[in-house]
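Visitor: Take this structure first; my questions come after.
Chains as they are written, first to last, in my numbering: chain A, 111 to 514; chain B, 111 to 514.
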């Protein structure tokens, strides 16, 4: 008689955003006349940029002719895209990353969920708290997290690094040595970030204790301040301790188009075994490449025209971030983030819990945000709004908040 | 100090098709004047059908306008596609499968590699021998297969079901009860198939012993004979024991476009837990949906125009299959498959091993095929050719084989 992977049964409730979607659907069904503004999930709203649309059309035409048709993609992604990434995202910043250290995928969510698979089940993970739920949940599914304490909302075998207003949202080195350290910078959900020298300390720490940093840089396009690292490979020594996850979702609006990549330097090893070879094996065995037309669209993001158009899109969202930050501050809220990231992290008023504030904002303001506690226990008492709405909706949302 | 998942190190050599690609690249570099005909990997060569191209263009245009832009897709796939699949692939055949039992993905390779994850590591798998390598390799990575015997080329904890000319390529119930049974029908690599009543026996067996059949029906569009099942859900009782994997790669030429789906009936349970709920959780946590434009292209496959065009493509490849089958028979080879599948499975001549014949065919005929032993020990002495080449190349390959 077959048995299931019962680690799945340890997961408390279902995935945060599915829960929110259900709550919103129920509210809309009960209140069909109310117009709900969604500033919850980090989904973009601007259409794909013209250069990307043109490139997609060209690539579709290629797929319609025998001479230019493309079947199975190379395991690790097309050379044209990997080279563009290496040149524009790394070499241009003086980072020593080559095209064959880049693995093209269908997005950073999949990669951040799958990457744990190449590590031992005995490894101990450290995560910031609050944190993007996928990091923890996928380690639960793999049986790496011990038992769940429903009261504390923590796992016995996970090292939590609280990031709150008290420590300026900068994680501190944990007392116990972790094997895998997840860092998302600029941070989802708090919208905050750290400086390059602070990140260098983490790289030094990881090299010293023999840990791997899984560095999620999905939001690097939103960095506006000088001293914030765009990639962990700006730090010395990162080639022997870091894996970087990147996405086209937020800088190019690919949430529904699906493209991302993972960087594993060949110097990152456990004894004689390079993690690069393990991930290559996983890609070759369990994955079949991102669609050709989508990889071509990815390439368009690196053209001069594409870069200029995407810069405008990012500026549009960052203008929203400014509006939200100012609107909330003026309404008396305590607000963080929103300067180097499209997320604004606010303290809930009147000692409301995060979910109480979620319900309050949905019912009174018809605005959807994300409860901070959904990202971990230290997110309790906080709330996330995103800058990815339309500018009109963002202005209207702030008007509603002003009048709450 | 971090550790790796050392199950990966147990994998002997690298993935079959990567190996072949390397051998072919080396041959072409050494013989730049020789024109190599590739009938090895199961990759299609016809361009996407006109209806699919038109639909892709329309969907790309939708992505370029704010009013019709699509961000994150629903976790389990767009309703429009899931409904079309349920109607055309199941209800039209009298099979009781509903849209919400269908999970849209980026292809059957990923699904067939990932599906094992929702089962216990203690479960024992049974596979046909020869077999699509992904089934076994992904179970090795998960630690489910015991130790490898390099001489026998088998794993201690895998149940092998030999499928050779001796048993007409029909697997027999194993002596030891398996928990998970992988069946691929019509079969890759042998190109053979089984009748509906033979499949019914497998369904009855699985229900009796409490096993799950993971049924890969990626080649169902190539069925030409009446009595061959198009889906396992044609069999009575399959809803309590079967998961079906399907692909758009072979029936619609999507190898480089990436779309597939998995069907998990809600009646398939382990105690109170439905496998449907586990797979839904995995999708929601580790996956972010197939691109909107690709899901629209999938929908186009189910329109009258799309269906007619895809039928022509399948007929084109099956004409190739006939040419190969006849060409090989006339050249004195013993040949199987090619009637309900795009694969021809031949016995190597003169007691050559599969890899000896691979080298011989590459060097003397400049034709690439796939060594049968790459699919498992019982594939030794066999060789696979595919019907996915162009018709011209297929004819030329047979001319070359005639003159060997």
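Idealized CB from N, CA, C, for every residue including glycine.
Please name the residue, chosen from A:162, A:506, A:336 and A:156, that lies closest to residue 413 of chain A on a Cα-to-Cα basis.
Guide: Minimum Cα distance to residue 413 of chain A is reached at A:162.
Visitor: Indicate whether at least one CB of chain B lies closer than 8 Å to the CB of residue 477 of chain A.
Guide: So, not an interface residue.
Visitor: Evaluate residue 111 of chain A with the Cβ neighbour count: other Cβ atoms within 10 Å of its Cβ, from every protein chain shown; 16 or more gives buried, anything less gives exposed.
Guide: It counts as exposed.
Visitor: Please compile the residues from chain A whose C-beta is within a distance smaller than 9 Å of the C-beta of residue 210 of chain B.
Guide: Simply none; closest approach about 14 Å.
Visitor: Check each residue of the segment 377-402 of chain B: if its Cβ is closer than 9 Å to any Cβ of chain A, include it; give the result in chain order.
Guide: Listed by position, the residues of the segment 377-402 of chain B near chain A (Cβ gap below 9 Å) are 380, 381, 383, 385, 387, 388, 390, 391, 392, 394, 395, 396, 397, 398, 399, 400, 401 and 402.
Visitor: Where DSSP assigns a beta bridge to residue 268 of chain B, which residues make up the other side?
Guide: Residue 268 of chain B is bridged to B:235.
Visitor: If you follow the beta strand (DSSP E) that residue 213 of chain A is part of, which residue opens it and which one closes it?
Guide: Run containing residue 213 of chain A: 212-215, per the beta strand (DSSP E) assignment.
Visitor: Residue 394 of chain A and residue 218 of chain A - do their beta-carbons sit closer together than 8 Å?
Guide: No, these two residues do not count as a Cβ contact at 8 Å.
Visitor: Is there at least one Cβ from chain A nearer than 8 Å to residue 216 of chain B's Cβ?
Guide: Cβ-Cβ to chain A under 8 Å: yes for residue 216 of chain B.
Visitor: For the segment 290-317 of chain B, list the beta strand (DSSP E) runs that are entirely contained and at least 3 residues long, ordered along the chain.
Guide: Runs found: 290-294.
Visitor: Can you find a C-beta in chain A that's less than 8 Å from the C-beta of residue 368 of chain B?
Guide: It does: the Cβ of residue 368 of chain B has a partner Cβ on chain A nearer than 8 Å.
Visitor: Considering just the uninterrupted stretch of the beta strand (DSSP E) at residue 524 of chain B, what are its terminal residues?
Guide: Since the first residue shown for chain B is 111 and the last is 514, residue 524 of chain B is missing from the structure and cannot be characterised.
Visitor: May I ask which residues mark the beginning and end of the beta strand (DSSP E) holding residue 137 of chain B?
Guide: That residue, residue 137 of chain B, is in no beta strand (DSSP E); its alpha helix (DSSP H) goes 126-140.
Visitor: Use the C-beta contact count for residue 239 of chain B: other C-beta atoms within 10 angstroms, 16 or more gives buried, fewer gives exposed.
Guide: Per the 10 Å Cβ criterion, buried.
Visitor: Using a Cβ cut-off of 8 Å (strictly closer), state whether residue 427 of chain A contacts chain B.
Guide: Chain B, which has no Cβ nearer than 8 Å to the Cβ of residue 427 of chain A, makes this no.
Visitor: Taking beta-carbon pairs under 7 Å, can you tell me which members of the segment 224-245 of chain B lie near chain A?
Guide: Correct list: 224, 227, 228, 229, 230, 232, 233 and 244.
Visitor: Using Cβ-Cβ distances below 8 Å, what residues of the segment 480-510 of chain A are close to chain B?
Guide: Those residues of the segment 480-510 of chain A that come within reach of chain B (Cβ to Cβ, closer than 8 Å) are 500.
Visitor: Is it the case that the Cβ atoms of residue 351 of chain A and residue 323 of chain A are separated by a distance below 8 Å?
Guide: Cβ atoms of residue 351 of chain A and residue 323 of chain A: closer than 8 Å.
Visitor: Give the DSSP-derived three-state secondary structure of residue 197 of chain A in the structure shown.
Guide: Residue state, collapsed to three classes: helix.
Visitor: Check the Cβ of residue 302 of chain A against every Cβ in chain B and list those closer than 8 Å, keeping chain order.
Guide: By Cβ distance, chain B contributes nothing, its closest Cβ being about 24 Å from residue 302 of chain A, past 8 Å.
Visitor: Take residue 260 of chain B as the anchor and find which of B:120, B:476 and B:435 has the nearest alpha-carbon.
Guide: Of B:120, B:476 and B:435, the residue nearest in Cα terms is B:120.
Visitor: Taking residue 257 of chain B as the reference, give the member of B:251, B:249 and B:266 with the closest Cα.
Guide: Nearest of B:251, B:249 and B:266 to residue 257 of chain B, Cα basis: B:266.
Visitor: Skipping 5 residues on each side, what residues in its chain have a beta carbon closer than 7 Å to that of residue 433 of chain A?
Guide: Closer than 7 Å at Cβ, skipping near neighbours: 504, 505 and 508.
Visitor: Could you confirm whether any beta carbon from chain B is found closer than 8 Å to the beta carbon of residue 373 of chain A?
Guide: Chain B, which has no Cβ nearer than 8 Å to the Cβ of residue 373 of chain A, makes this no.
Visitor: Taking the straight line between their C-alpha atoms, what separation do you get for residue 424 of chain A and residue 279 of chain A?
Guide: If I take the Cα positions, the gap works out to 24 Å.
Visitor: Kindly list, in the order they appear in chain B, the residues whose Cβ is closer than 8 Å to that of residue 271 of chain A.
Guide: Those within 8 Å of residue 271 of chain A in chain B number zero; the least Cβ separation is about 17 Å.
Visitor: Which chain B residues sit within Cβ distance under 8 Å of residue 128 of chain A?
Guide: Per Cβ cutoff of 8 Å: 185 and 394.
Visitor: How about residue 430 of chain B: is its C-beta nearer than 8 Å to some C-beta of chain A?
Guide: It does not; no Cβ of chain A falls within 8 Å.
Visitor: Of all the options A:211, A:319, A:386 and A:476, which has the alpha carbon lying nearest to the alpha carbon of residue 143 of chain A?
Guide: It is A:476 whose Cα lies nearest to the Cα of residue 143 of chain A.
Visitor: Comparing alpha-carbon positions, which option in B:439, B:454, B:438 and B:113 lies nearest residue 231 of chain A?
Guide: The option with the nearest alpha carbon to residue 231 of chain A is B:113.
Visitor: Give me the residue from B:253, B:254, B:251 and B:294 with the minimum Cα distance to residue 271 of chain B.
Guide: Out of B:253, B:254, B:251 and B:294, B:294 has the C-alpha closest to the C-alpha of residue 271 of chain B.
Visitor: The alpha helix (DSSP H) that contains residue 359 of chain A, what's its start and end?
Guide: That run of the alpha helix (DSSP H) goes 359-362.
Visitor: Please name the residue, chosen from A:342, A:331, A:167 and A:374, that lies closest to residue 360 of chain A on a Cα-to-Cα basis.
Guide: If we check each option's Cα against that of residue 360 of chain A, A:331 comes out closest.
Visitor: Buried or exposed: which applies to residue 297 of chain A, given that a residue is buried once 16 or more other Cβ atoms fall within 10 Å of its Cβ?
Guide: The residue in question, residue 297 of chain A, is buried, as its Cβ has 16 or more Cβ neighbours within 10 Å.
Visitor: Just how far apart, CA to CA, sit residue 500 of chain A and residue 160 of chain B?
Guide: C-alpha separation (whole angstroms): 36 Å.
Visitor: Relative to chain B, which residues along the segment 113-124 of chain A have a C-beta separation below 8 Å, given in chain order?
Guide: Under the 8 Å Cβ criterion, the segment 113-124 of chain A contributes 113, 114, 115, 116, 118, 119, 121 and 124.
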